[in-house]
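K.L.:
Numbering that gives the first Met the number 0 applies: residue 0 is where the sequence shown begins, and numbers increase by one.
Don't be surprised by glycine CBs; every beta carbon is placed ideally from N, CA and C.
Next up is a structure, given as structure tokens.
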Amino acid sequence: MCGIVGYIGRQEAYPIVLEGLRRLEYRGYDSAGVSIMGDVAHTYKSKGDVQHLVAHVGSQPVQGSLGIGHTRWATHGGPSDVNAHPHTSMNGKVVLVHNGIIENFADLRGRLEKRGYSFHSETDTEVLANLIEYIYIYGKLDLPTAVRLALTKVVGAYGICVYSPEEPTTMVAARLGSPLVVGVGDGEYYVASDATPISGYTQNVVMLNEGEIAILTRDSLALKNIKNVDLPVEIKTIDWDVEYTDLGDFEHYMLKEIYEQPRSVADTLRGRVHAATHEITIGGLFSVLPRLRDAKRIIIVACGTSWHAGLVGEYLLEGLARIPVEVEYASEFRYRNPIISSEDIVLAISQSGETADTLAALKLAKSQGALTLGICNVVGSSISRETVAGVYTHAGPEIGVASTKAFTAQVTVLTLMAIKLGQMRGALDSEQYAELVDELLAIPEKIAKILTKNEKIKEIARKCYKAKNALYLGRGVFFPVALEGALKLKEISYIHAEGYPAAEMKHGPIALIDENMPVVVIAGKDRSYEKVVSNIQEVLARKGRVFAIVTEGETEINEMAESCVEIPAAHAAVEALLGVIPLQLLSYHVAVMLGCNVDRPRNLAKSVTVE
Ligand code: F6R
Numbered sequence: 000m001c002g003i004v005g006y007i008g009r010q011e012a013y014p015i016v017l018e019g020l021r022r023l024e025y026r027g028y029d030s031a032g033v034s035i036m037g038d039v040a041h042t043y044k045s046k047g048d049v050q051h052l053v054a055h056v057g058s059q060p061v062q063g064s065l066g067i068g069h070t071r072w073a074t075h076g077g078p079s080d081v082n083a084h085p086h087t088s089m090n091g092k093v094v095l096v097h098n099g100i101i102e103n104f105a106d107l108r109g110r111l112e113k114r115g116y117s118f119h120s121e122t123d124t125e126v127l128a129n130l131i132e133y134i135y136i137y138g139k140l141d142l143p144t145a146v147r148l149a150l151t152k153v154v155g156a157y158g159i160c161v162y163s164p165e166e167p168t169t170m171v172a173a174r175l176g177s178p179l180v181v182g183v184g185d186g187e188y189y190v191a192s193d194a195t196p197i198s199g200y201t202q203n204v205v206m207l208n209e210g211e212i213a214i215l216t217r218d219s220l221a222l223k224n225i226k227n228v229d230l231p232v233e234i235k236t237i238d239w240d241v242e243y244t245d246l247g248d249f250e251h252y253m254l255k256e257i258y259e260q261p262r263s264v265a266d267t268l269r270g271r272v273h274a275a276t277h278e279i280t281i282g283g284l285f286s287v288l289p290r291l292r293d294a295k296r297i298i299i300v301a302c303g304t305s306w307h308a309g310l311v312g313e314y315l316l317e318g319l320a321r322i323p324v325e326v327e328y329a330s331e332f333r334y335r336n337p338i339i340s341s342e343d344i345v346l347a348i349s350q351s352g353e354t355a356d357t358l359a360a361l362k363l364a365k366s367q368g369a370l371t372l373g374i375c376n377v378v379g380s381s382i383s384r385e386t387v388a389g390v391y392t393h394a395g396p397e398i399g400v401a402s403t404k405a406f407t408a409q410v411t412v413l414t415l416m417a418i419k420l421g422q423m424r425g426a427l428d429s430e431q432y433a434e435l436v437d438e439l440l441a442i443p444e445k446i447a448k449i450l451t452k453n454e455k456i457k458e459i460a461r462k463c464y465k466a467k468n469a470l471y472l473g474r475g476v477f478f479p480v481a482l483e484g485a486l487k488l489k490e491i492s493y494i495h496a497e498g499y500p501a502a503e504m505k506h507g508p509i510a511l512i513d514e515n516m517p518v519v520v521i522a523g524k525d526r527s528y529e530k531v532v533s534n535i536q537e538v539l540a541r542k543g544r545v546f547a548i549v550t551e552g553e554t555e556i557n558e559m560a561e562s563c564v565e566i567p568a569a570h571a572a573v574e575a576l577l578g579v580i581p582l583q584l585l586s587y588h589v590a591v592m593l594g595c596n597v598d599r600p601r602n603l604a605k606s607v608t609v610e
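As structure tokens, this is what we get:
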């Protein structure tokens, strides 16, 4: 999704803005641009990646200590040089980058055209640039006031960063529905759509709230709301280090993040489980524990991989804590007039904390009186602020577009919650409780052990990377893991893949099976084991090729399957955290073998801030 960078200070802005754009590449984009205010405004933009932009800028001088930049993911108008941001207003008085969608752009454009404005691009952003300019010129106002008044006319969502060559020492940033962070340096400020471009420069940030406008010079930061009321500036310190944004020895962020999981799961657990006493403390939920203990129903809302984590959560919260759980696609939930009451608890799961559908589902639930909770990775994100209470996953920034460590972190939090609530509700006795806590604490080491099987998984990838389709089967918690495995494969390798509960295969998907169809089976050693063995036989009888994830020491499936990867034995409640790891690696290797862009798969965005 689109990314914004801005800088105002004493250093050369161009290298800082450019580096910021590089760090934002993970979000997915199709064009990029920069505008630097020197003696005049220098704006360069082009379709394609940041490298392409650099070539376009060439050796031309781009000196100046104020600059803005943007990576665009097309919404209004296809990817092109002219549609790329920054957009300059007709008379050159306003230069603007924008994330989000101006819903009433057609109406505003019509009105501006009547007042003599013409447009070069198909974008809603150019409309906003011209609207600000129109108010600026004809109102004879300063830039911050013109921006503020223009925003009162806008319907939609935006994160913007704007400057005027007429006022070269001022930059304005504003947010409604699309996140913006201001980094506070020494005699300098940074603006970005997430903390990634800022990390390494400063740890002091101001997270803009909905409807806030930041007015920046190199020596001052003032906050206002849209009604021109001055607001207090609250500076927070973030502890995400640059280490996360460096690739180190890894070829791709996705692989790096897969390998980070022993640490990221441990980070999620850190400070929340006391190994000796087994006590679980989830600080973020402290205020709502009585409500959770007495819960009649929890509705989980999420999208994509986070929705899969929610499905694992359903098994766990129902199985261990005996709380009825419904898991909903956020996008469907909000549009189907759901029945929600003040007795309900609605739990949003989101890595980014910015997914528009999840945020909207949450707001709907809140408006109908439900208690809203969140599980988010990004500290200070919109969802984390919209909820009454919640848990941060502490997985560190996830750069690869395909979610890996965020999924295991979300499942870890859900497991912690299920065990804690199981104890509080008397659904688990003390022995079961202690056993589960120990099982969870052992997960980081077991993930590390699975990662040592990378070469074996690569061999399997070599056997099936030419397939056109793939089927993933699992039961119990391995059903959502099968869904997640299939999603990972299709999003980064573009191979069509589907996940099914293993027993459902005979109700339709079995028709697809032939000698070209790889079937990936994730088999636990629980009570459904024999049934899964039968499902494998059904596949083999139709000449399907079976690749299986099995528990260490398993023999039956090992003899039947073309190849197996063993995962350490674990309690069924924590097995999802293990079963998913070989599937992440499998899709990674397949995508690499196919020459796909693993970290930035086509058409995908990291943070989906449009509905
Ligand atoms: C898949 C993936 C997406 C996200 C989905 C929700 O690898 O990353 O399916 O899980 O867009 O994003 P968040 O969790 O940020 O709400």
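Is it true that the CB of Ser527 sits closer than 7 Å to the CB of Arg474?
P.N.:
yes
K.L.:
Does the distance from the CB of Val324 to the CB of Pro196 come in under 7 Å?
P.N.:
no
K.L.:
By the three-class DSSP mapping on this structure, what secondary structure does Cys563 have?
P.N.:
strand
K.L.:
Among His69, Asn129, Thr236 and Asp525, which residue has its Cα nearest to the Cα of Tyr116?
P.N.:
Asn129
K.L.:
At 3 residues or longer, what runs of the beta strand (DSSP E) sit wholly inside the region 276-362?
P.N.:
297-301, 324-328 and 344-349
K.L.:
With C-beta atoms as the reference, is Ile322 less than 7 Å away from Ala301?
P.N.:
For Ile322 and Ala301, no; Cβs fall outside 7 Å.
K.L.:
Could I get the ranges of all uninterrupted alpha helix (DSSP H) runs contained in the region 186-270, with 4 residues as the minimum, in chain order?
P.N.:
List check, alpha helix (DSSP H) in window: 252-258 and 260-268.
K.L.:
Is Cys302 near the ligand F6R - that is, is its Cβ less than 6 Å away from at least one heavy atom of it?
P.N.:
yes
K.L.:
Relative to the C-alpha of Thr42, which candidate in Ser58, Gly66, Asp29 and Gln50 has its C-alpha closest?
P.N.:
Gly66
K.L.:
Shortest alpha-carbon distance to Gly425 belongs to which of Thr122, Ala547, Ile299 and Leu319?
P.N.:
Leu319
K.L.:
Grab the span of the alpha helix (DSSP H) containing Asn468 for me, first residue to last.
P.N.:
Where Asn468 is concerned, there is no enclosing alpha helix (DSSP H), although the beta strand (DSSP E) it sits in stretches over Asn468 to Gly473.
K.L.:
Please state whether DSSP places Leu427 in a helix, a strand or coil.
P.N.:
In this structure, Leu427 counts as coil in the three-state DSSP scheme.
K.L.:
From which residue to which residue does the beta strand (DSSP E) around Ala172 run?
P.N.:
Met170 to Leu175
K.L.:
Please tell me whether, using a cut-off of 6 Å, the distance from the CB of Ala447 to the nearest non-hydrogen atom of the ligand F6R is below it.
P.N.:
no
K.L.:
Give the single residue among Pro289, Lys223 and Asp437 whose Cα lies nearest to the Cα of Ala274.
P.N.:
Asp437
K.L.:
If you follow the beta strand (DSSP E) that Thr42 is in, where does it begin and where does it stop?
P.N.:
First-last of the beta strand (DSSP E) with Thr42: Ala40 to Lys46.
K.L.:
Quick one: measure Cβ to Cβ for Ala485 and Gly498, integer angstroms, because I've assumed they're closer than 8 Å.
P.N.:
4 Å
K.L.:
When the Cα of Thr124 is compared with those of His97, Pro143 and Ala145, which residue comes out closest?
P.N.:
With distances taken between Cα atoms, Thr124 lies closest to His97.
K.L.:
Identify the continuous beta strand (DSSP E) that holds Arg71 and give its terminal residues.
P.N.:
Leu65 to Arg71
K.L.:
Between Met516 and Leu488, what straight-line distance do the alpha-carbon atoms span, to the nearest angstrom?
P.N.:
14 Å
K.L.:
Counting along the chain, where does the beta strand (DSSP E) carrying Val126 start and finish?
P.N.:
Careful: Val126 lies outside any beta strand (DSSP E), inside the alpha helix (DSSP H) at Asp123 to Gly138.
K.L.:
Can you check the region 79-124 for any alpha helix (DSSP H) of at least 4 residues that lies completely inside it and give the ranges in chain order?
P.N.:
104-113
K.L.:
Taking His55 as the reference, which of Val61, Gly63 and Ser45 has the closest Cα?
P.N.:
Comparing Cα positions, the closest option is Ser45.
K.L.:
Please decide whether Ala191 counts as near chain C, where near means a Cβ-Cβ distance under 7 Å.
P.N.:
Absence of chain C from the displayed structure is noted, only one protein chain being present.
K.L.:
Taking all protein chains shown into account, decide if Val272 is buried (16 or more other Cβ within 10 angstroms of its Cβ) or exposed.
P.N.:
Looking at its Cβ environment, which holds 16 or more other Cβ atoms inside 10 Å, Val272 is buried.
K.L.:
Which same chain residues, not among the five before or five after Ile136, have their C-beta less than 8 Å away from its C-beta?
P.N.:
Asn90 and Lys92
K.L.:
State the beta-bridge partners of Val538 as determined by DSSP.
P.N.:
Partner(s): none; Val538 has no beta bridge.
K.L.:
With DSSP as the reference, identify every bridge partner of Ser492, one or two as the case may be.
P.N.:
DSSP output for Ser492 lists no bridge partner at all.
K.L.:
Based on DSSP bridge pairs, tell me the residues matched to Val545.
P.N.:
Val518
K.L.:
Tell me, please, whether the region 403-414 touches the region 212-230 by the rule of three or more beta-carbon pairs shorter than 8 Å.
P.N.:
With the rule of 3 Cβ pairs closer than 8 Å, the region 403-414 does not count as touching the region 212-230.
K.L.:
Hey, how far is the Cα of Glu558 from the Cα of Ala83?
P.N.:
In this structure, the CA atom of Glu558 is about 56 Å from the CA atom of Ala83.
K.L.:
Cα separation between Asn596 and Lys462?
P.N.:
Computed Cα separation, rounded: 20 Å.
K.L.:
So Glu1 and Thr70 are supposed to be a Cβ contact under 8 Å. How far apart are they, rounded?
P.N.:
Going by the sequence as given, residue 1 is Cys instead of Glu. Indeed, because the Cβ distance is near 6 Å, the residues count as touching under 8 Å.
K.L.:
With distances taken from CA atoms, which of Cys375, Glu397 and Leu346 is nearest Lys255?
P.N.:
Glu397
K.L.:
Rounded C-beta distance between Pro567 and Glu553? I'm assuming under 8 Å.
P.N.:
About 12 Å separates the two Cβ atoms, so there is no contact after all.
K.L.:
Given a threshold of 16 other Cβ atoms within 10 Å of its Cβ, counted over all protein chains shown, does Asn602 qualify as buried or as exposed?
P.N.:
exposed
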